[in-house]
Amino acid sequence: EAQVTQNPRYLITVTGKKLTVTCSQNMNHEYMSWYRQDPGLGLRQIYYSMNVEVTDKGDVPEGYKVSRKEKRNFPLILESPSPNQTSLYFCASSLVGEGREQFFGPGTRLTVL
Amino acid sequence: QQPVQSPQAVILREGEDAVINCSSSKALYSVHWYRQKHGEAPVFLMILLKGGEQKGHEKISASFNEKKQQSSLYLTASQLSYSGTYFCGTETKTGNQFYFGTGTSLTVIP
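Chains A and H are the protein sequences, given in the same order. Using the numbering used here, the first residue of the first sequence is number 286, and each one after it goes up by one. Using the numbering used here, the first residue of the second sequence is number 2, and each one after it goes up by one.
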């Protein structure tokens with residue numbers, strides 16, 4: 286089954302404790318992206334990757350890191366989480382090129398205390 | 002560059018029609034529409050490309066006015082399953098960066 290998976294689905298942590306949210310896709314997509322969703326603000330892009338070893342900042346990259354060492358994986362790293370990073374996070378993947386459909390993972394709800 | 006959607010929320014009875022609008026202050030190269038049900042991930046509905054090409058959902062239609070930098074999503078004869086939050090999205094000219102609107106909550110009641 287074609288899908289995007291994320292882990293963990295739920296995470297409660299404390300300020301400053303480094304964490305990683307994993308994302309994996311099995312559709313051989315070149316493009317992968319991370320979004321955060323907050324009430325009233327919609328989905329905002331954090332980082333995206335056009336292919337292996339090619340990553341770039343989205344609209345709200347501060348406080349986040351990513352890496353793309355393999356085509357299928359695109360982990361999101363919060364090296365020193367803060368309460369304002371409490372949010373619902375979605376990973377997505379797609380082919381490259383104009384007008385392609387993005388496939389979203391199930392989401393990770395993160396709470397930083 | 003985040004697109005603006007209107008209305009923010011709408012409540013319909015089954016069988017009624019709705020229109021959701023999306024506008025941008027920047028040039029639009031394509032418009033994407035997604036629907037998100039409560040507690041779930043966004044799901045693709047439709048893409049509209051410059052030049053009039055559309056790809057997507059059979060029972061939902063949309064328009065794309067390139068000159069006005071606007072798009073509208075038309076939901077006709079709404080069903081209970083149409084309930085959810087609808088997002089429009091736009092991409093940069095290179096197709097790399099993506100911007101979603103703030104969403105329109107649509108509730109269909111019996």
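Glycine included, C-beta positions come from ideal geometry on N, C-alpha and C. Just so it is clear, the structure is predicted and the values come from calculations on it, not from any experiment.
With contact counted as at least three CB pairs below 8 Å, one residue from each stretch, are the region 352-368 of chain A and the region 31-42 of chain H in contact?
no
Taking contact to mean at least 3 C-beta pairs separated by less than 8 Å, is the region 95-109 of chain H in contact with the region 4-23 of chain H?
yes
Neighbour flag for A:Q330 against chain H, beta carbons, 8 Å:
Taking the first sequence and counting its residues from 1, one reaches residue 330 of chain A at position 45. By this cut-off, A:Q330 is an interface position.
Short of 6 Å in beta carbon distance, which residues of its chain neighbour A:Y309, apart from the five on each side in sequence? Order them along the chain.
Walking along the first sequence from the start, residue 309 of chain A turns up at place 24. It should be noted that the sequence gives Ser, not Tyr, for residue 309 of chain A. Around A:S309: T290, R357 and N358.
State yes or no: is the C-beta of A:G301 within less than 8 Å of the C-beta of A:P366?
Taking the first residue of the first sequence as position 1, residue 301 of chain A is located at position 16. Taking the first residue of the first sequence as position 1, residue 366 of chain A is located at position 81. Yes. Within cutoff.
Going by DSSP in three states, H:L74 sits in which element: helix, strand or coil?
Taking the first residue of the second sequence as position 1, residue 74 of chain H is located at position 73. H:L74 falls in the strand class under three-state DSSP.
For H:I61 and chain A, any beta-carbon pair shorter than 8 Å?
Working through the second sequence from its first residue, we reach residue 61 of chain H at position 60. By this cut-off, H:I61 is not an interface position.
Report the residues of the region 94-109 of chain H with a CB closer than 8 Å to any CB of chain A, ordered along the chain.
G96, N97, Q98, F99, Y100, F101, G102, T103 and G104
Can you grab the Cα-Cα spacing for the pair H:K68 / A:Q330, in whole Å?
Locating residue 68 of chain H in the second sequence gives position 67, where the first residue counts as 1. Locating residue 330 of chain A in the first sequence gives position 45, where the first residue counts as 1. Each residue's alpha carbon lies about 26 Å from the other.
Cα separation between H:T142 and A:V351?
No answer is possible for residue 142 of chain H: the residues shown for chain H start at 2 and end at 111.
Measuring alpha carbon to alpha carbon, tell me which of A:T393, A:S372, A:E386 and A:P293 ends up nearest H:F45.
Reading the second sequence from its first residue, position 44 is the one you call residue 45 of chain H. Looking at the Cα atoms, A:E386 is the closest of the given residues.
Out of A:Q370, A:Y333, A:N369 and A:P346, state which residue places its alpha-carbon closest to the alpha-carbon of A:L380.
In the first sequence, residue 380 of chain A corresponds to position 95, counting from 1. For A:L380, the nearest C-alpha among the options comes from A:Y333.
What would DSSP say about A:Y333, mapped onto helix, strand or coil?
Taking the first sequence and counting its residues from 1, the one referred to as residue 333 of chain A is at position 48. Strand, per DSSP.
Report the partner residues of A:T396 according to the DSSP bridge assignment.
Numbered from 1 along the first sequence, position 111 holds the residue referred to as residue 396 of chain A. DSSP lists A:I297 as partners of A:T396.
Measuring straight from C-alpha to C-alpha, what distance separates H:T105 and A:A377?
The residue labelled residue 105 of chain H in the question sits at position 104 within the second sequence. The residue labelled residue 377 of chain A in the question sits at position 92 within the first sequence. So the alpha carbons of these two residues sit roughly 21 Å apart.
Per-residue burial, H:R14 [other beta carbons within 10 Å of its own, 16 or more giving buried]:
Translated into positions along the second sequence, residue 14 of chain H becomes position 13. With fewer than 16 other Cβ atoms within 10 Å, it is exposed.
Output the distance between the C-alpha atoms of H:G102 and A:V299, rounded to the nearest integer angstrom.
As a working note, residue 102 of chain H is residue 101 in the second sequence. As a working note, residue 299 of chain A is residue 14 in the first sequence. Near 30 Å, if we compare the C-alpha coordinates of A:V299 and H:G102.
Determine, using beta carbons only, whether A:F375 comes closer than 8 Å to chain H.
Within the first sequence, numbered from 1, the residue matching residue 375 of chain A stands at position 90. Yes, A:F375 lies at the interface with chain H (some Cβ there is under 8 Å from its Cβ).
Beta-carbon spacing of H:F88, A:L398 below 8 Å:
Mapped onto the second sequence, residue 88 of chain H falls at position 87. Mapped onto the first sequence, residue 398 of chain A falls at position 113. No, these two residues do not count as a Cβ contact at 8 Å.
May I ask which residues mark the beginning and end of the beta strand (DSSP E) holding A:N292?
Reading the first sequence from its first residue, position 7 is the one you call residue 292 of chain A. Start and end: V289 to N292.
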